[in-house]
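Peer 1: Quick one: the structure is below, questions incoming.
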Amino acid sequence: MASNKNREILIKTGWTALKVALVAVVVIVFTSKANNYYFTIVNSALIYVIAALSLSLLLGMGGMMSFATVTFMGIGAYATANLSKVLHVPTSLSILLAVLISALIAFLIAILLTRLKGSYFAFASIGLAQISYAIFLNFKPLTGGPNGFSNVPKLIIAGIEFDNLKKWFYLLLIIVFLAALSLERIRRTTLGRSLAAIRDNEIAAQSLGIDIYSTKIITFVIASVYGSIAGALIAHMNTYLSAYLFTFDISVSFLIMVMLGGVNSTTGAILGALLVTLIPEWFRVLQSYMKLIYGISIVALMIFMPSGLTGIIDSIKYKVDMEKKKKRNKDYSNG
Amino acid sequence: MTTFIHFTIVGLAMGMIYAIMSLGFVLLVRSIGILNFAQGDLFMLGAYISYSLIMQLNLSPIAYIISAIIAFAIIGVVFMYVIWGPVKKSYWPQAPIVCTIGASYIISEACRLIWGNAPLIIPSTIKGSINIGALTISNQYIAILIYGVLVISAIYLLYEKAYLGLILQSATQDYMAATILGVPVNLTIAITYVLITLMLGFSGYLVAPLFFVSQNLAGFQVKSFAGAIIGGFGSLKGAILGSIMVGLIESYSAYFTSVYKDAFIFGTLLIVLAVRPNGLFSEKNGK
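Taken in order, these protein sequences are the chains called U and Y. Each residue of the first sequence is one higher than the last, beginning at 0 in numbering that gives the first Met the number 0. Each residue of the second sequence is one higher than the last, beginning at 0 in numbering that gives the first Met the number 0.
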C-alpha cells in the first residue's frame with residue numbers, strides 16, 4: 000500500500016514538473032524568437048486571461064452569467080489613467096487606487112444586481128455594459144470622448160520602468176500566475192465552496208445556513224477586482240485608451256474564452272483566453288472569414304463539447320480510470 | 000408642441016418595433032425556454048433579404064410578400080434545426096443560449112460577406128409624408144404603426160386567448176405530458192420559430208428605409224431586451240408595454256441629450272430591476 004501511495008505522489012510531482020518545464024520551454028523559446036508584433040499579441044492575450052479569470056469566477060464558480068466584465072475593466076483603465084496623468088499619482092499606486100475605486104463601484108452595483116436570478120442578472124449586466132460603453136464613449140472630461148485618452152504614463156514599479164513589451168511580458172506572466180493561484184485558492188475557501196453550493200442548488204445552500212446575498216456580493220466584488228486589474232494594465236501598456244476596448248462584443252468574447260477552456264476551471268480559462276486571442280493571428284490569411292469561423296466554432300463547441308477543453312480531458316481521464324479499475328477488479332477476481 | 004407630437008409618434012413607432020422583437024424573444028422563452036441572442040440578426044437578415052427581393056429581383060409587392068414569407072419560414076426552420084436541435088438535450092443548460100450567440104455572429108458575418116459593408120437603401124413602403132400644421136412625419140412611421148398594431152394584437156390574441164396558443168406553449172411547461180397528450184411538439188416549436196422569423200423579417204424590412212440596410216440594425220436587439228425586462232420577463236403584456244415605453248423614453252431623451260440615449264434606456268432598466276425585479280407590468284409579484 001505504502002509503495003502505491005509513494006508512486007502516486009511521485010507521478011503527481013512528475014506531472015507538475017513536466018507542466019512547469021513545458022511552460023518554461025515555451026516562454027524561453029518565445030522570448031528568444033519573438034519580435035514586437037508577437038509580444039503585442041501575446042501580452043494582450045495575457046491581459047485577457049486575467050479578465051477571463053474574472054468571468055470564470057462569476058460564471059464557473061458562481062453560475063452568474065455576467066457581461067459586465069468590460070465595465071470594470073473600463074473603470075479600472077480610465078481611473079488609473081486619470082489618476083496618473085491628471086493628478087500625477089505614481090503609477091503603481093494609481094493602479095491600486097483604480098482597483099479600489101472599481102471595487103467600491105462594484106460593491107454598490109452588486110447590492111442591486113445580485114438579488115436578481117439567472118437571466119435577470121444576465122440582462123442587468125448587459126444593461127450595465129451598454130451604459131458604461133455609452134459613458135466611456137461620450138464623457139469627455141474623464142475618458143476623452145470619441146477621441147480616446149492618450150499619453151497614459153508608463154508603469155513604474157519599484158524603480159523599474161516598463162517601457163518595452165518584453166518587460167511587460169514578464170510582468171504579465173507573473174500577474175497571471177498570481178491571479179490564477181489566487182483563484183485556485185478562492186475555490187478552496189469557504190467562500191468558493193458556498194458559491195459552488197449556491198450555483199448547484201440555492202435552496203439547499205440556504206438551508207445549510209449560507210448567506211446567499213452576501214456571498215454573491217463578495218464574489219461580484221472580487222471578480223470586479225480581477226477585471227479592473229486587467230483594465231488598468233491595458234491602460235499603462237498601450238498608453239492609449241479608447242471606448243472600443245470595452246464593448247459588449249469583448250464581453251461576449253470573454254464568455255467564449257471561458258467556455259472554450261471549460262467553465263469551472265482555472266487552467267481552462269487561461270487556455271481559452273490564449274486560444275481565442277491567438278488563433279485569429281495564426282490564420283491571418285482567412286481574416287475576412289474569421290468572424291464567420293468564430294461563430295461556427297461557437298456553435299460547434301456547444302454541440303460537441305459544451306464543457307470545454309478541460310471537460311474533454313476530464314472525461315478521458317475518467318474513462319481511463321474506469322478502465323484501470325475494471326482491470327484491477329478483474330485481476331482481483333482472478334486471484 | 001409640434002416637436003412633442005413628433006417625438007411621440009416616432010417613439011411609438013420605434014416602440015412597436017421593439018415590442019415585436021421582444022414578443023419574438025418572449026415567445027421563444029415560452030415555447031422552449033431559451034433566450035435568443037440572434038434576434039437582432041434575424042431582423043437584419045429580413046432587411047437584407049427584402050433588399051435583394053425588391054431592389055435586385057424587382058419583384059412586385061405581392062410577389063415580394065409571398066417570396067419573403069417563404070424565405071423567412073425556411074430561415075426559421077433551418078435556424079431551429081441547426082441552432083437549437085443539436086443542443087436541446089445538452090446537460091449544460093446555458094449551451095442553447097450560447098449557441099444563439101454563435102448564430103448571431105454567423106448571420107451577421109454571412110450578411111457582410113454576401114451584401115458587403117456599405118449600407119444599402121430601400122425605398123419607403125408608402126412614399127411621401129404627412130403634414131400636420133408645421134409637423135412633417137414620414138409615412139414610413141405610419142406604416143410601422145399600422146403593422147405594429149396588427150402584428151402585436153394578432154400575436155397577443157393567439158397566445159393569450161386562443162386554444163392554439165396554449166398548445167404552442169405546452170412543450171416548455173411539460174415536454175413529456177405534451178407528447179403524451181398528442182401535441183406534435185416538434186411541429187409546435189417549428190411554428191413558433193417560423194412566426195418569430197416572419198415577425199422579425201418584416202419589421203426589419205419596414206425599418207430599413209429609415210435606418211438603411213446595414214449590420215447596425217442588429218443593435219435594435221438590446222433595446223428590445225431592455226423592453227422585455229422592464230415590462231416583465233415572460234409576460235406578453237409586459238413585453239409590449241415595456242418596449243413601447245423604451246421607444247418613448249428613447250425618443251423623449253432627445254430633449255436632453257443626443258449621445259446618452261442608450262444610457263437613459265439602460266438606466267431605466269437598472270432602476271426597474273432594483274425596485275421591481277419582476278418588471279413593471281408582470282402579473283406575479285415578489286421575487
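C-beta atoms are modelled at their ideal positions from N, C-alpha and C, and glycine is treated no differently.
1. If the cut-off is 9 angstroms on Cβ atoms, which residues from the region 280-303 of chain U count as contacting chain Y, listed in chain order?
2. With which residues is I159 of chain U paired in a DSSP beta bridge?
3. I need the boundaries of the beta strand (DSSP E) containing N42 of chain U, first residue and last residue.
4. Taking only beta-carbon atoms, is L247 of chain Y less than 9 angstroms away from chain U?
5. Thinking C-beta only, is I121 of chain Y closer than 9 angstroms to S128 of chain Y?
6. Closer than 9 angstroms by beta-carbon distance: list the chain Y residues that pair up with G61 of chain U, in chain order.
7. Which residue comes first and which comes last in the beta strand (DSSP E) that contains L134 of chain Y?
8. Please identify, using Cβ separations under 9 angstroms, the residues of the region 107-132 of chain Y that lie next to chain U, in order along the chain.
9. S339 of chain U by DSSP, collapsed to three states: which one?
10. Between the beta-carbon of L207 of chain U and the beta-carbon of M60 of chain U, is there less than 9 angstroms?
11. Return no unless some Cβ of chain Y is closer than 9 angstroms to the Cβ of Y77 of chain U.
12. Mind checking G285 of chain Y: buried by the 16 CB within 10 Å criterion, or exposed?
13. Whole-angstrom Cβ separation of I49 of chain U and Y225 of chain U, contact assumed at under 8 angstroms?
14. May I ask which residues mark the beginning and end of the alpha helix (DSSP H) holding N237 of chain U?
15. Near A157 of chain U, what residues of its chain come up, given a Cβ to Cβ distance below 6 angstroms and the 5 sequence neighbours on each side ignored?
16. If L82 of chain U and S93 of chain U are in contact, beta carbons under 8 angstroms, what's the gap, nearest whole angstrom?
17. Do three or more CB pairs link the region 149-163 of chain Y to the region 33-51 of chain Y at distances below 8 angstroms?
18. Hey, is I243 of chain Y's beta-carbon within less than 9 angstroms of any beta-carbon in chain U?
19. Considering only residues of the same chain and omitting the five flanking positions on each side of L273 of chain U, which have a CB-CB separation below 6 angstroms?
20. Under 7 angstroms, CB to CB, which of the residues in the region 262-273 of chain Y have a partner in chain U?
21. Curious, which full-length alpha helix (DSSP H) runs of at least 4 residues does the region 138-174 of chain Y contain?
22. Suppose only complete runs of 4+ residues qualify. What are the alpha helix (DSSP H) ranges in the region 242-317 of chain U, listed by chain order?
23. Indicate whether V69 of chain U and F247 of chain U have their beta-carbon atoms separated by less than 9 angstroms.
24. Along the beta strand (DSSP E) that carries I131 of chain Y, what are the first and last residues, could you check?
25. Can you give the Cα-Cα distance for G294 of chain U and Y331 of chain U, rounded to whole angstroms?
26. Thinking C-beta only, is S202 of chain Y closer than 9 angstroms to I143 of chain Y?
27. By Cβ distance, which residues of its chain are closer than 8 angstroms to F280 of chain Y, with the 5 residues on each side in sequence left out?
28. Using a beta-carbon distance below 9 angstroms, is S250 of chain Y in contact with chain U?
29. State the start and end residues of the unbroken alpha helix (DSSP H) segment that holds A178 of chain U.
30. Between K290 of chain U and the rest of its own chain, which residues show a CB-CB distance below 7 angstroms, the 5 nearest in sequence each way excluded?
31. Helix, strand or coil, according to DSSP, for L240 of chain U in the structure here?
32. Going along the chain, which residues of the region 215-228 of chain Y sit with their C-beta nearer than 7 angstroms to a C-beta in chain U?
33. In this structure, does DSSP put A238 of chain Y in helix, strand or coil?
34. Where does N284 of chain Y fall in DSSP's three states?
35. Is G267 of chain U closer than 9 angstroms to L259 of chain U when the C-beta atoms are compared?
36. Spell out whether any CB of chain Y is found under 9 angstroms from the CB atom of R198 of chain U.
Peer 2: By the coordinates alone:
1. S287, Y288, M289, K290, L291, I292, Y293, G294, I295, S296, I297, V298, A299, L300, M301, I302, F303
2. U:I156
3. Not the beta strand (DSSP E): N42 of chain U falls in the alpha helix (DSSP H), residues 35-54.
4. no
5. no
6. Near G61 of chain U there are no residues of chain Y at all, since even the closest Cβ is about 13 angstroms away, more than 9 angstroms.
7. 134-137
8. With the criterion set as a beta carbon lying under 9 angstroms from some beta carbon of chain U, the members of the region 107-132 of chain Y are S107, E108, A109, R111, L112, in sequence order.
9. For chain U, the structure presents residues 0 to 334; residue 339 of chain U sits outside this window and is missing.
10. no
11. no
12. With a pLDDT of 38 at G285 of chain Y, under the threshold of 50, the modelled position of that residue is not reliable, and the figure given next carries that caveat. G285 of chain Y comes out exposed.
13. 6 angstroms
14. 211-237
15. none
16. The Cβ separation is near 4 angstroms, so the contact holds.
17. no
18. no
19. A44
20. A262, F265, G266, L268, L269, L272, A273
21. 138-155, 162-172
22. 247-260, 265-281, 289-303
23. One thing to note: V69 of chain U has its Cβ within 9 angstroms of the Cβ of F247 of chain U.
24. 128-131
25. 50 angstroms
26. Contact flag set, yes.
27. G230, G231, S234, K236, G237, L240, G241
28. Cβ-Cβ to chain U under 9 angstroms: no for S250 of chain Y.
29. Following the DSSP letters along the chain, one finds A178 of chain U inside the alpha helix (DSSP H) bounded by residues 164-186.
30. none
31. strand
32. V221, F224, A225, I228
33. Three-state DSSP puts A238 of chain Y in a helix.
34. Reliability of the predicted coordinates at N284 of chain Y is poor, the pLDDT of 44 falling under 50, and no value is obtained from them.
35. yes
36. No - not a single Cβ of chain Y is within 9 angstroms of the one on R198 of chain U.
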